[in-house]
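Counting along the sequence shown from 1, when you hit position 43 you're at 89 in our numbering, and nothing is skipped either side.
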Amino acid sequence: MTKPILLLTRPKESSSCFYHSLRPEIAAKARLIVSPLLEIVGTGANPDLSGIWGVIFTSAHAVGFAPLGQGRPAFCVGERTQAAAEKRDWKVKQVSATAKDLLAEMDMALLEGPLMHVSGRHQRMDVASALRARGIAATSATVYDQKLLQLNDEAQLALAGKSPVIAPLFSPRSASHFVEQAGDLSRVHAVVISAAVAGVLSAGSCASIGIARQPTGLEMRRSVEKLLSGGCLA
47 MTKPILLLTR PKESSSCFYH SLRPEIAAKA RLIVSPLLEI VGTGANPDLS GIWGVIFTSA
107 HAVGFAPLGQ GRPAFCVGER TQAAAEKRDW KVKQVSATAK DLLAEMDMAL LEGPLMHVSG
167 RHQRMDVASA LRARGIAATS ATVYDQKLLQ LNDEAQLALA GKSPVIAPLF SPRSASHFVE
227 QAGDLSRVHA VVISAAVAGV LSAGSCASIG IARQPTGLEM RRSVEKLLSG GCLA
């Protein structure tokens, strides 16, 4: 029996981390193809942290383009972002699953000064504006962009073939670009991080669309593992 294909389209490092987070016995059930649809590129911005008490990182990518923390406070979305921040000498005060959760769970009484949201150009939420609406001094710095890439030949051949293709999709922008690039989605089993991403996929165009129970990398991994171990791909 031909193995299903696991098509990962995040940037190379993120795709590698996601694949290696899968249980080995489950990962072995699929043939891996990596075809990044996004390339992370710096904007050249050098955030001025003078007068800034702490920063918010909603992506691990942003951490590498930010200055060293030198023990300053950081608020992070996701464990990967936390780990990246700690490696660059930020003192992580809080870790939440999403930016919305981060703002909801943040103890405003403990903030000792202005915050800066260090992020990419394409955001799902304007964190700095949300903070200012709550009376918190906040600015933002855009330190990286996400350049759109084409699906490589291996991915195109897989999508044109007869094997089922599992495609985890993590944002509306990447999902929209995937749809434009992929063409025939009839053998694609999409695993998406939110209803917003699912909304980008045309109803009935995919073999199946599964939405993660929570918008986290952990739940995306569990959804992919469940699909691979279920034995019902066609």
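We put the beta carbon where it would ideally sit given N, CA and C, even for glycine.
Being a predicted model, the structure only gives us computed values, none of them experimental.
For residue i, the first and last residue of its enclosing alpha helix (DSSP H)
i	result
residue 70	70-73
residue 144	No alpha helix (DSSP H) holds residue 144; DSSP gives it neither H nor E.
residue 260	First-last for residue 260: undefined, no H or E at that position.
residue 178	173-179
residue 61	58-67
residue 153	Segment: none, residue 153 is in no alpha helix (DSSP H) and carries neither H nor E.
residue 203	199-206
residue 284	This structure leaves residue 284 out entirely; the chain is present only between 47 and 280.
Terminal residues of the beta strand (DSSP E) in which residue i lies
i	result
residue 214	211-215
residue 162	161-166
residue 225	Element bounds for residue 225: not the beta strand (DSSP E) but the alpha helix (DSSP H), 218-228.
residue 246	Where residue 246 is concerned, there is no enclosing beta strand (DSSP E), given that its DSSP letter is neither H nor E.
Identified DSSP bridge partners for residue i
i	result
residue 51	77 and 211
residue 119	137
residue 188	165
residue 86	192
residue 254	235
residue 101	120 and 162
Inter-residue CB distance, residue i and residue j (contact presumed, cutoff 8 Å)
i	j	result
residue 93	residue 173	Wrong, their Cβ atoms sit about 14 Å apart, outside the cutoff.
residue 88	residue 111	5 Å
residue 49	residue 76	6 Å
residue 85	residue 195	6 Å
residue 115	residue 134	6 Å
residue 206	residue 235	Contact doesn't hold; Cβ gap of about 16 Å is too wide.
residue 231	residue 72	Rounded, the Cβ-Cβ distance is 23 Å, inconsistent with contact.
residue 68	residue 204	With a Cβ gap of about 18 Å, residue 68 and residue 204 do not count as contacting.
residue 276	residue 64	No, residue 276 and residue 64 are not in contact; Cβ-Cβ is about 19 Å, not under 8 Å.
residue 209	residue 51	5 Å
Nearest residue (CA-CA) to residue i, options the options
i	options	result
residue 108	176, 136, 181 and 202	136
residue 139	120, 147, 129 and 131	120
residue 246	124, 269, 234 and 219	219
residue 113	67, 123 and 101	101
residue 62	274, 267 and 279	267
residue 239	202, 143 and 228	143
residue 148	129, 177, 159 and 52	177
residue 255	241, 130, 167 and 64	241
residue 260	252, 155, 237 and 253	237
residue 146	159, 158, 124 and 129	124
residue 244	230, 229, 217 and 269	217
residue 180	279, 271 and 153	153
residue 171	159, 105 and 198	105
residue 258	251, 252, 122 and 270	270
residue 151	158, 201 and 141	141
residue 168	208, 192 and 155	192
residue 294	197, 158, 251 and 130	No information on residue 294 is available, as it lies outside the stretch 47 to 280 that the chain covers here.
Contact with chain B by residue i, beta-carbon distance below 9 Å
i	result
residue 239	Reference to chain B is not applicable here, since this structure consists of a single protein chain.
Original post:
So, do the region 223-230 and the region 202-215 have three or more beta carbon pairs nearer to each other than 8 Å?
Top reply: yes
Original post:
Between the region 96-104 and the region 77-86, do at least 3 Cβ pairs fall closer than 8 Å?
Top reply: no
Original post:
Do the region 151-163 and the region 173-188 make contact, defined as three or more Cβ pairs closer than 8 Å?
Top reply: yes
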